[in-house]
Amino acid sequence: AQKITQTQPGMFVQEKEAVTLDCTYDTSDPSYGLFWYKQPSSGEMIFLIYQGSYDQQNATEGRYSLNFQKARKSANLVISASQLGDSAMYFCAMRVDSNYQLIWGAGTKLIIKP
Amino acid sequence: EPEVTQTPSHQVTQMGQEVILRCVPISNHLYFYWYRQILGQKVEFLVSFYNNEISEKSEIFDDQFSVERPDGSNFTLKIRSTKLEDSAMYFCASSENRGGYNEQFFGPGTRLTVL
Numbered sequence: 001a002q003k004i005t006q007t008q009p010g011m012f013v014q015e016k017e018a019v020t021l022d023c024t025y026d027t028s029d030p031s032y033g034l035f036w037y038k039q040p041s042s043g044e045m046i047f048l049i050y051q052g053s054y055d056q057q058n059a060t061e062g063r064y065s066l067n068f069q070k071a072r073k074s075a076n077l078v079i080s081a082s083q084l085g086d087s088a089m090y091f092c093a094m095r096v097d098s099n100y101q102l103i104w105g106a107g108t109k110l111i112i113k114p
Numbered sequence: 115e116p117e118v119t120q121t122p123s124h125q126v127t128q129m130g131q132e133v134i135l136r137c138v139p140i141s142n143h144l145y146f147y148w149y150r151q152i153l154g155q156k157v158e159f160l161v162s163f164y165n166n167e168i169s170e171k172s173e174i175f176d177d178q179f180s181v182e183r184p185d186g187s188n189f190t191l192k193i194r195s196t197k198l199e200d201s202a203m204y205f206c207a208s209s210e211n212r213g214g215y216n217e218q219f220f221g222p223g224t225r226l227t228v229l
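The listed protein sequences correspond, in order, to chains A and B.
Position one of the first sequence corresponds to residue 1 (our numbering), numbered consecutively onward.
Position one of the second sequence corresponds to residue 115 (our numbering), numbered consecutively onward.
Take a look at the structure:
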């Protein structure tokens, strides 16, 4: 069975600091994708970054990067130079290629302090 | 930029009533999904839809739920007889394809409140 684990229910970070949000996953499927979404207090789900299981390099997207360690089954999100607008819930999700659905972690509530 | 839209943004209903949540996926997308998120909890998959039929569904998606693509643009989720525990945010999503990197684009959600 597939599973996503986010062990940090909440984090406080000082503005301009880098922050790492943890995500570990479990699947026996060799082909899968890992996604990070941001959910601000307004409720919408915003796609941030994607990492494929066969990608050789870690994904980057502006201030977001994904620290993908396949052997450890981890896909941590790194936000560099955090901003007040980064305060939100962050969800890690996985989709295996044999299925259609996204499987979600419980989320991490990130609060950026001025 | 194309986006997924959902209506209504908030629906309040009485227990036992039927509700229909509406979604307009991105026009060239072929795969459609419904997810729900009970307040403060994780997002849960309900159903995926492709080629006018359900391609995958979760245990949550029981006989009370149904989906339909009544025309070329809308994708609907019907709950036949709502229960208190159906209160949640319901997200519609669509993707161009299924395998590999295929981002699921999410709509803004419909907040369903069952009284």
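The beta carbon of each residue, even a glycine, is placed where N, CA and C say it ideally should be.
- At least 8 Å separates the beta-carbon of Pro-122 (chain B) from that of Glu-44 (chain A).
- In the three-state reduction of the DSSP assignment, Gly-130 (chain B) falls in the coil class, being assigned neither a helical nor a strand state.
- Rounded to the nearest whole angstrom, the C-alpha separation of Gln-155 (chain B) and Trp-104 (chain A) is 10 Å.
- Contact between Lys-197 (chain B) and Met-129 (chain B) holds: their C-beta atoms lie close to 6 Å from each other, under 8 Å.
- The closest CA to that of Asp-185 (chain B), considering only B:Leu-153, B:Glu-170, B:Ile-152 and B:Cys-137, is found on B:Cys-137.
- Separation of the CB atoms of Met-89 (chain A) and Gln-39 (chain A) is rounded to 4 Å, and the pair is thereby assigned contact status at 8 Å.
- Annotated three-state conformation of Glu-199 (chain B) is helix, per DSSP.
- Within the region 18-47 of chain A, the complete beta strand (DSSP E) runs of at least 3 residues fall at 19-21, 24-26 and 32-39.
- For the pair Lys-113 (chain A) and Phe-12 (chain A), the CB atoms are nearer than the 8 Å cut-off.
- Residues Ser-162 of the same chain have their beta carbon placed closer than 6 Å to that of Glu-170 (chain B), with the five preceding and five following residues left out of the count.
- Put simply, the CB of Ser-180 (chain B) is far from chain A, with every gap to its CB atoms at 8 Å or more.
- Cβ neighbours of Gln-131 (chain B) within its own chain (closer than 6 Å, five residues either side excluded): Thr-196.
- At least one CB of chain A lies nearer than 8 Å to the CB of Tyr-145 (chain B).
- Taking the Cα positions, Asn-142 (chain B) is about 10 Å away from Pro-116 (chain B).
- Judged by DSSP secondary structure, Leu-226 (chain B) falls within the beta strand (DSSP E) whose first and last residues are 224-228.
- The three-state reading of DSSP puts Gly-154 (chain B) in coil, since its state is none of H, G, I, E or B.
- The continuous beta strand (DSSP E) containing Leu-66 (chain A) extends over residues 64-69.
- Three or more Cβ pairs closer than 8 Å define a contact, and the region 71-86 of chain A meets that threshold against the region 20-27 of chain A.
- Contacts between Met-11 (chain A) and chain B, judged by CB atoms closer than 7 Å, are missing: the closest CB pair is about 17 Å apart.
- The straight-line gap separating the alpha-carbon atoms of Arg-63 (chain A) and Arg-183 (chain B) is approximately 38 Å.
- Under the criterion of beta carbons closer than 8 Å, Leu-135 (chain B) and Tyr-164 (chain B) do not qualify as touching, at roughly 19 Å.
- Taking Ile-174 (chain B) as the centre and dropping the five residues before and after it, the same chain places the C-beta of Glu-158 and Leu-160 closer than 7 Å to its C-beta, in chain order.
- The Cβ of Met-94 (chain A) sits no closer than 8 Å to any Cβ of chain B.
- According to DSSP, residue pairing for Lys-192 (chain B) in a beta bridge involves B:Ile-134 and B:Ser-180.
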